[in-house]
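A.B. asks: For what it's worth, the UniProt record's numbering labels the leading residue of the sequence shown as 1, then goes sequentially.
First, the structure itself, so that you have it in front of you.
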Amino acid sequence: MNYLAHAYLSFHQEEILVGNFFGDFVKGKMMDQYPTGIRQGILLHREIDKFTDTHPLVRAGQTYLRPKFGHYSTVITDIYFDYFLGRNWGRYSNQSLEIFTKEVYEQISRHENYFPERFGNLFYWMKKDNWLLNYSSIEGIQRSLTGLSKRTRFDSKMEQAHLALLEKEAEFELIFFAFFEDLKTFAKQKLDEIQQTNDSD
Numbered sequence: 001m002n003y004l005a006h007a008y009l010s011f012h013q014e015e016i017l018v019g020n021f022f023g024d025f026v027k028g029k030m031m032d033q034y035p036t037g038i039r040q041g042i043l044l045h046r047e048i049d050k051f052t053d054t055h056p057l058v059r060a061g062q063t064y065l066r067p068k069f070g071h072y073s074t075v076i077t078d079i080y081f082d083y084f085l086g087r088n089w090g091r092y093s094n095q096s097l098e099i100f101t102k103e104v105y106e107q108i109s110r111h112e113n114y115f116p117e118r119f120g121n122l123f124y125w126m127k128k129d130n131w132l133l134n135y136s137s138i139e140g141i142q143r144s145l146t147g148l149s150k151r152t153r154f155d156s157k158m159e160q161a162h163l164a165l166l167e168k169e170a171e172f173e174l175i176f177f178a179f180f181e182d183l184k185t186f187a188k189q190k191l192d193e194i195q196q197t198n199d200s201d
């Protein structure tokens, strides 16, 4: 999943949120330098990604994208799902998306001393250009996908992926609604399990 979904699936727990954002940047023994809550967030991030990557509904959506985008289809569906989450935010939260994203940036900024090196630069641009809010528009995900395309080693064609979304938007939205219900249930149960395991250590 992409950043807006990871923020939402942190369930208003600040250290979980921080770890959930770091997940892709922390390897091996780096885990030892973080407080318990951030470590739990990193573990949750990994479980969310694993669940997403193996879910049959997600794979069904990627089947449509794979002939053109190849293995980049997984990145593209992650961004599509943030688009649908943002666009349908009122269905999932009583708090406005604008206020939620502002609070996310503030909470993560408070833990700057824990930023992995590569994350610091990414977060600077995320906050400056308000990625979390802009994922909810076609223009926003087009900018995001184009930026990702420029950083790939091969011709990913991701700068064109917003057109595939427009072509099959209704179908992808149905996939998102069904999948995200499964993911919310899984993430909450997994977080409870991770926290209980740590508490008993």
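We put the beta carbon where it would ideally sit given N, CA and C, even for glycine.
Could you round the C-beta distance between residue 168 and residue 64 to whole angstroms and report it? I think they count as a contact, below 8 Å.
C.D. replies: Between residue 64 and residue 168 the Cβ distance is about 6 Å, and since that is below 8 Å, they are a contact.
A.B. asks: In three-state DSSP terms, what is residue 182?
C.D. replies: Helix.
A.B. asks: Using three-state DSSP, classify residue 26 as helix, strand or coil.
C.D. replies: Residue 26 falls in the coil class under three-state DSSP.
A.B. asks: Between 171, 187, 189, which has its C-alpha nearest residue 60's C-alpha?
C.D. replies: Nearest option by C-alpha distance: 171.
A.B. asks: For residue 141 and residue 48, which I take to be in contact (beta-carbon distance under 8 Å), what is that distance rounded to the nearest angstrom?
C.D. replies: The Cβ separation is near 20 Å, so there is no contact.
A.B. asks: Within the same chain, show all residues whose beta-carbon is closer than 6 Å to that of residue 175, passing over the 5 residues directly before and after it, in chain order.
C.D. replies: So the list reads 57, 61, once near-sequence residues are dropped.
A.B. asks: Spatial neighbours of residue 200 within its chain, please: C-beta separation below 7 Å, excluding the five flanking residues on both sides.
C.D. replies: Residue confidence for residue 200 is low, a pLDDT of 49 falling below 50, so the modelled location carries little weight; the figure read from the coordinates is stated next. Around residue 200: no qualifying Cβ.
A.B. asks: Relative to the alpha-carbon of residue 104, which residue among 87, 133, 77 has its alpha-carbon at the smallest distance?
C.D. replies: The candidate whose alpha carbon is nearest that of residue 104 is 133.
A.B. asks: Residue 6: buried (16+ other C-beta within 10 angstroms of its C-beta) or exposed?
C.D. replies: With 16 or more other Cβ atoms within 10 Å, it is buried.
A.B. asks: To the nearest angstrom, report how far apart residue 38 and residue 163 are at their CA atoms.
C.D. replies: One C-alpha to the other measures close to 37 Å.
A.B. asks: Which of the three DSSP states, helix, strand or coil, is assigned to residue 16?
C.D. replies: In the structure shown, residue 16 sits in a helix (DSSP, three-state: H, G or I).
A.B. asks: For residue 8, count neighbouring Cβ atoms within 10 angstroms of its own Cβ and tell me buried if that reaches 16, exposed if not.
C.D. replies: With 16 or more other Cβ atoms within 10 Å, it is buried.
A.B. asks: Taking buried to mean at least 16 other C-beta atoms within 10 Å of its own C-beta, is residue 30 buried or exposed?
C.D. replies: Under this definition residue 30 is an exposed residue.
A.B. asks: How many Å lie between residue 195 and residue 40 at the Cα?
C.D. replies: C-alpha separation (whole angstroms): 7 Å.
A.B. asks: Can you tell me the Cβ-Cβ gap for residue 45 and residue 28, rounded? I've got them flagged as a contact below 8 Å.
C.D. replies: Not quite, the Cβ-Cβ distance comes to about 15 Å (not below 8 Å), so this is no contact.
A.B. asks: Decide if residue 109 is buried, meaning its Cβ has at least 16 other Cβ atoms within 10 Å, or exposed.
C.D. replies: So residue 109 counts as exposed.
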